[in-house]
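K.L.:
Residues 1 to 755 in UniProt numbering are what the first sequence spells out, letter by letter.
The C-beta atom is built at its ideal place from N, Cα and C for all residues, glycine as well.
Let me begin by handing over the structure; questions about it come next.
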Amino acid sequence: MSGKFSHLLEPILMSLAKTSKPITLKHCNQIHANLITSQCNSQLHLTNTLLSLYSKCGHFRHAHHLFDQMPQKNVVTWTTLISAHLRSGSFTKAFHMFNVMRGADEKPNEYTFSVLLRACSNPCFLDVGLQIHGVLVHYGLERDKFAGSSLVYMYFNAANDVDHACRIFHELLERDLVTWNLMISGFAQVGDFSVVKRLFSEMWEVHGLKPDHNTLVSLLKCCSLVQEVKQIHGLASKFGTDVEVVLGSALLDLYAKCGDTSSCRKIFDSMEEKDNFIWSSIISGFTKNNKGEEAVHFFKDMCRRKVKVDQHVLSSSLKACLEIEDLNTGVQVHGQMIKYGYQNDCFVASVLLTLYASFGKLVDAEKLFRRISNKDIVAWNSMILAYAWLDQGSTQCMQLLQELRRTTSQIRSATLVAVLKSCENKSDLSAGRQIHSLIMKSSVSQHTLAGNALVHMYSECREIVDAYKAFVDIVWKDDGSWSSIIGSYTQNGMELEALELCKDMLADGVAFSTYSLPVCISACSQLSAIDVGKQLHNFAIKSGYTHDVYVGSAIIDMYAKCGNMEDSDKVFGEQLQPNEVIYNAMISRYARHGKAQEAIEVFSRFEKNGLTPNHVTFLAVLSACSHMGYVEDTLKFFTLMVNKYKIKPESEHYSCVVDAFGRVGRLEEAYEIVQKYGSEPAWRTLLSACRNHNNIKVGEKTAMKIIELYPSDHTPYILLSNIYTGEEKWEEAVKWREKMAKINVKKDPGSSWLI
DNA sequence: TTAGGGTTAG
1 MSGKFSHLLE
11 PILMSLAKTS
21 KPITLKHCNQ
31 IHANLITSQC
41 NSQLHLTNTL
51 LSLYSKCGHF
61 RHAHHLFDQM
71 PQKNVVTWTT
81 LISAHLRSGS
91 FTKAFHMFNV
101 MRGADEKPNE
111 YTFSVLLRAC
121 SNPCFLDVGL
131 QIHGVLVHYG
141 LERDKFAGSS
151 LVYMYFNAAN
161 DVDHACRIFH
171 ELLERDLVTW
181 NLMISGFAQV
191 GDFSVVKRLF
201 SEMWEVHGLK
211 PDHNTLVSLL
221 KCCSLVQEVK
231 QIHGLASKFG
241 TDVEVVLGSA
251 LLDLYAKCGD
261 TSSCRKIFDS
271 MEEKDNFIWS
281 SIISGFTKNN
291 KGEEAVHFFK
301 DMCRRKVKVD
311 QHVLSSSLKA
321 CLEIEDLNTG
331 VQVHGQMIKY
341 GYQNDCFVAS
351 VLLTLYASFG
361 KLVDAEKLFR
371 RISNKDIVAW
381 NSMILAYAWL
391 DQGSTQCMQL
401 LQELRRTTSQ
411 IRSATLVAVL
421 KSCENKSDLS
431 AGRQIHSLIM
441 KSSVSQHTLA
451 GNALVHMYSE
461 CREIVDAYKA
471 FVDIVWKDDG
481 SWSSIIGSYT
491 QNGMELEALE
501 LCKDMLADGV
511 AFSTYSLPVC
521 ISACSQLSAI
531 DVGKQLHNFA
541 IKSGYTHDVY
551 VGSAIIDMYA
561 KCGNMEDSDK
571 VFGEQLQPNE
581 VIYNAMISRY
591 ARHGKAQEAI
601 EVFSRFEKNG
611 LTPNHVTFLA
621 VLSACSHMGY
631 VEDTLKFFTL
641 MVNKYKIKPE
651 SEHYSCVVDA
661 FGRVGRLEEA
671 YEIVQKYGSE
681 PAWRTLLSAC
691 RNHNNIKVGE
701 KTAMKIIELY
711 PSDHTPYILL
721 SNIYTGEEKW
731 EEAVKWREKM
741 AKINVKKDPG
751 SSWLI
C-alpha cells in the first residue's frame, strides 16, 4: 500500500530540488505533510530529497528533526545531514555526525568525503582533513574524481601544499572540468601564473574541455594589464561562456583596477541578472577611479529598484560619499544600514565614522565606533585618525591608544602613524615624543612607515634637529623619508642644507620622484637658485614628470620667484590638464607680484574650466586683492567662498580681510573682525595698519590685546610707542618704552617684524 | 536522491 502516490509527488519534489528559485519553509512543510498523508514517507529517496530541501532553504532544525524521525537511513541521508550541518556552519557537529555514521556501520561514499573535505579547506580544520584523507584511503577512494578533487582543493586552500595537490591530481582515474578548474584556481591562488596558462591550454587543447566562467575567473587572477583582461573577456565570447554574475563581477573589478570605467559600465549594463556582487563591484569600481558622483548615483538607483543592500554595497557607497564630501547621501546610506541591520558591522561603521568625523561630527563618529561589536585594527585606526584631524586631538588619540593596548599587546605601525598625525602641532609635541619612545621600544622601530611619520611630526612641530635625528634612525630610507626631511629643511629656511640632502639622496641610490622633486624645486625657488632649478626642470622633462601637477606647480612657482615670468608662463601653457593645484600656483604667483587684476582673471578662468576652488585658491586671490587694498573685491571673494563654495574661513582668510580694511584705514571694521575671528597674525596685521594710519584709538586696543595674549612680545610696545611718536605724543611714547623695559621684554637685536 | 569550483567592501 505504501507509496502509492509516489509517482505524483516525485516530479514535484524533483523540480523543487532543481529549481534556482528560492524555496520556502512553507513549500517544505506542505510536501512533508503530503508525504505523510500519502504514505510515501517510507520511500527513502523522497524523504532524502525533502531533507535536502529543508537544508537548502536554511531550516536546519527541521532537517535534523526529520532525520531523527526517519526509520530507515542510507548513505545519502547521512551525507545530506552532514552537508546541512556544514551549510549552517556547525563544523564540529558535522564531523561528529561522520563518526556516528561510521559507528552505525554506514559506509561513506565519494559524496560524503567531498562534502567533508570542502569544510576542511579552512586552515583551522587541516588536521581533521588529514585524518579524513586517511579514512578515505582506507575506503579506496583516493583516485575517485569527486573525493580526489576535493582533496586537491583542500591541499591548496588549507595547506598551500602544491606537491600533494599535484600528486593526487595526477593519480586520479578520471578528470572533469571541475577537477581542472580546481587545479587552475589553486595555482592562480599561489601566484604561479605560468602553470595556470599551461594547465589551461592542456585542458582545452589536449583534453578538449571547454572552459566555463569559473575557469575564466581563475585566469583573470593572472591579469595585471587591461589588454590581458580584454583577452580573457574575448575568450568568453570565443567559447560562448555566459558572463554571469561571478565572471561579470570579477571582470568589472579588474577593468576598474585598470581604470577602464567605460568597460565596467558596459558589462554592468549587459547583465540581465544583477546581484549584490555586481552592484557593489560597480559602486566600488567607480569609487576607486575617483568617480564618486557616478558611484553614488548607482547606489541611489539600487535603492530605487528596492534591491536589498549588503555590507559591501554600504561600505563602497560610503567611500564614495567620503570622496565627494556628500554628507546627505551618507546619512541616507546610514538609514539603509539601520534598515538592513548592518549598524554594528565593522567594515561599514569604520567608513561611516570617518565620513562623520570629516564633517566634524565626532560625537556621532564615536557612537558608531563604540557600537561595533568586534572592532578590528582598521576600526581603531579610523577612530584614532578621526580625532587626529581635530586641533589638539592628541589627548583623545593617546587615550584610544591606551584603551587599545589593554586589548592587545601587538601595536602596529599604522596605528602609531595615526596617533602621530595628531601630534603635528607644537602643543601636542610631548605626546609625539611619547609615541617616539614607544616606537623605539617596539618591533615597529625598524619600519620605514613609522620612521617617516616621526620625521614628518617633528618637522610640523618645527623641531628640525629631532626630525633629522629621526631621519638618521630610519634603517631603510625610502623616497618618502628623503622627501620628508628635505621638505622639512625647505620649510624652515634651511634651503641650502635641503639641496645638500638632495645630493645625498641621489648618492644613496634613491632617484627623484614626484614627491621629492617638488620639495627640491621649492628649495631652489626660495634661494632664487635658478641654475639648479633649471637642472631640476630638465630632469623633470626627461623623466616625464612635468605633467604631474605638484612638479608642474613647483616649476611655475620657481620661475616666478626667480623673476622669470616668461618661463613660468611657458610651463603653465604646457600643462595638459591644469587642475586646482596648478591654478593655485598661478594665482599665488600674481598675488606675490602685487598683480591683483591678473590674479582675478586667472580665478575666473579657473571657474570657467569647471574646477572647484578650495581654501588655498581663496587664500591666494584674497591676498592678491587685500595687498592692493581692493576692499570690495576682497569682500566679494570672501562671500563667494563662504556662500557658494561653503568653505569655512580659516584665520588666514580673515587676516586678508583685516589687511584689506587696514590698508584703506577702515580700522574699526577690521577690529570687529579680528575680535570675532582673528588669530595672532590678524592682530599683528591690524596693529601695523594702525601704525600706518596713526590711529591711536584702535591701536591702543589692539596693542593691549596682543600684550594680553603674548606678554613677552616686544612688538606691540614698539608699535604703540611709534604711533604716539607719529602723533607727537612724546610722553606717551616714552611711557610705553619704559613699560617694556620694566617687564623685561627685549626687542630682538637688529630685527623687527615690520621688516 | 547526496557532491566538488567563483566574484564585491573599510
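1. Near Asn584, which residues of its chain fall below 8 Å by C-beta distance, leaving aside the five closest residues on each side in sequence?
2. State yes or no: is the C-beta of Thr24 nearer than 7 Å to some heavy atom of the ligand PLP?
3. Around the C-beta of Gln392, are 16 or more other C-beta atoms found within 10 angstroms, so that it is buried, or is it exposed?
4. Assign Leu173 to one of two classes, buried (16 or more other C-beta atoms within 10 Å of its C-beta) or exposed (fewer than that).
5. Below 8 Å CB to CB, which residues in the same chain sit around Thr702 once its five sequence neighbours on both sides are set aside?
6. What number of angstroms, rounded off, separates the C-alpha of Lys93 from the C-alpha of Ile82?
7. Rounded to whole angstroms, what's the CA-CA distance from Ala365 to Tyr356? Just pull it up for me.
8. Need the endpoints of the alpha helix (DSSP H) that Asn99 sits in, please.
9. Starting from Phe359, trace the alpha helix (DSSP H) both ways and give me its first and last residue.
10. Out of Arg592, Ala470, Arg605, Tyr545, which has the shortest C-alpha to C-alpha gap to Met565?
11. For Pro716, which three-state DSSP category applies?
12. Judging by CA-CA distance, which residue of Ser516, Val551, His693 is the nearest neighbour of Glu574?
13. Using the Cα positions of Met641 and Ser237, report the straight-line distance between them to the nearest angstrom.
14. Taking Cβ to Cβ, would you say Leu635 is nearer than 8 Å to Cys656?
15. Is it buried or exposed for Gln535, if we count other Cβ within 10 angstroms and need 16 for buried?
16. Buried or exposed for Glu495, please, with buried defined as at least 16 other CB atoms from any protein chain shown within 10 angstroms of its CB.
17. Pull up the distance between the alpha-carbon of Lys421 and that of Arg433, whole angstroms please.
18. Mind checking Ser488: buried by the 16 CB within 10 Å criterion, or exposed?
19. What are the boundary residues of the alpha helix (DSSP H) that includes Val472?
20. Label Ile384 either buried or exposed according to how many other C-beta atoms from any shown protein chain fall within 10 Å of its C-beta, with 16 as the threshold for buried.
21. Could you check what DSSP says for Thr37 in three-state terms: helix, strand or coil?
22. Contact between the region 303 to 318 and the region 266 to 273 is defined here as three or more beta-carbon pairs at a separation below 8 Å; is this criterion met?
23. With Val465 and Leu499 assumed to form a contact (beta carbons below 8 Å), what rounded beta-carbon distance in angstroms separates them?
24. Nearest by alpha-carbon distance to Leu314: which of Phe347, Lys73, Val417 is it?
25. What whole-angstrom Cβ distance do His133 and Leu116 have, given they're in contact under 8 Å?
26. Ile377 and Thr415 look like a contact to me (Cβ under 8 Å); what is the Cβ gap, rounded to whole Å?
27. Whole angstroms is fine: what's the gap from Asp748's alpha carbon to Thr354's?
28. What separation, rounded to the nearest whole angstrom, lies between the Cα atoms of Trp736 and Leu404?
29. Would you identify the three-state DSSP class for Val455, choosing helix, strand or coil?
30. When the Cα atoms are used, what is the spatial distance from Ala188 to Ser55?
31. Taking Tyr468 and Thr514 to be in contact with their CB atoms under 8 Å, please state how far apart those CB atoms are, rounded to whole angstroms.
32. Based on Cα-Cα distance, which residue from Asp260, Ser316, Glu110 lies nearest to residue 809?
33. Kindly indicate which three-state DSSP category Val314 falls into: helix, strand or coil?
34. Please report the distance separating the alpha-carbon of Asn452 from that of Asp310.
35. From this set, Gln72, Gln131, Phe91, which residue's C-alpha is nearest Glu106's C-alpha?
36. Given Ser588, which residues of its chain have a CB within under 6 Å of its CB, disregarding the five upstream and five downstream residues?
P.N.:
On the basis of the supplied data:
1. Around Asn584: Ser553, Asn614, Val616, Thr617, Ala620.
2. With respect to the ligand PLP, the structure shown offers nothing to examine, as it has no ligands at all.
3. Looking at its Cβ environment, which holds fewer than 16 other Cβ atoms inside 10 Å, Gln392 is exposed.
4. Burial call: exposed.
5. Its chain contains Tyr671, Val674, Trp683, Leu686, Leu687, Cys690, Pro716 as the residues whose beta carbon lies nearer than 8 Å to that of Thr702, once the 5 sequence neighbours on both sides are disregarded; these appear in chain order.
6. Lys93 and Ile82 have their C-alpha atoms some 8 Å from each other.
7. Ala365 and Tyr356: Cα-Cα distance of roughly 6 Å.
8. Asn99 -> alpha helix (DSSP H) spans 91 to 103.
9. Phe359 -> no alpha helix (DSSP H), and no H or E assigned at all.
10. If we check each option's Cα against that of Met565, Arg592 comes out closest.
11. Of the three classes helix, strand and coil, the one that applies to Pro716 here is helix, per DSSP.
12. Minimum Cα distance to Glu574 is reached at Val551.
13. Using only the alpha carbons, I get a separation of about 53 Å.
14. Cβ atoms of Leu635 and Cys656: not closer than 8 Å.
15. Gln535 counts as exposed, since fewer than 16 other beta carbons sit within 10 angstroms of its beta carbon.
16. By the neighbour-count rule (16 or more Cβ atoms within 10 Å), Glu495 is buried.
17. Their Cα atoms are separated by approximately 12 Å.
18. Flag for Ser488 reads buried.
19. Run containing Val472: 464 to 473, per the alpha helix (DSSP H) assignment.
20. Buried, because 16 or more other Cβ atoms sit within 10 Å of the Cβ of Ile384.
21. In the displayed model, Thr37 falls within a helix according to three-state DSSP.
22. Remark: fewer than three beta-carbon pairs, one from each stretch, lie closer than 8 Å, so the region 303 to 318 and the region 266 to 273 are not flagged as touching.
23. With 8 Å as the limit, Val465 and Leu499 do not qualify as a contact, their Cβ atoms being about 19 Å apart.
24. The shortest C-alpha separation from Leu314 is found at Phe347.
25. With 8 Å as the limit, His133 and Leu116 do not qualify as a contact, their Cβ atoms being about 10 Å apart.
26. That belief holds up - the Cβ atoms of Ile377 and Thr415 are roughly 7 Å apart, short of 8 Å.
27. For Asp748, the pLDDT reaches just 49, beneath the cut-off of 50, and the residue's location in the model is therefore unreliable, although a value from the coordinates is still provided. Taking C-alpha positions only, Asp748 is separated from Thr354 by approximately 46 Å.
28. A direct Cα-to-Cα measurement between Trp736 and Leu404 gives close to 54 Å.
29. For Val455, the three-state secondary structure derived from DSSP is helix.
30. If you take the alpha carbons of Ala188 and Ser55, they lie about 32 Å apart.
31. Your pair Tyr468 and Thr514 does not check out as a contact, with CB atoms roughly 24 Å apart and the cut at 8 Å.
32. This structure does not reach residue 809, given that the chain is present from 1 up to 755, and the question cannot be answered.
33. At residue 314 the sequence reads Leu, which differs from the Val that was named. Three-state result, Leu314: helix.
34. Counting only the Cα atoms, Asp310 lies some 38 Å from Asn452.
35. It is Gln72 whose Cα lies nearest to the Cα of Glu106.
36. If we look at Ser588 and ignore the five residues flanking it on each side, its Cβ neighbours are Ala620.
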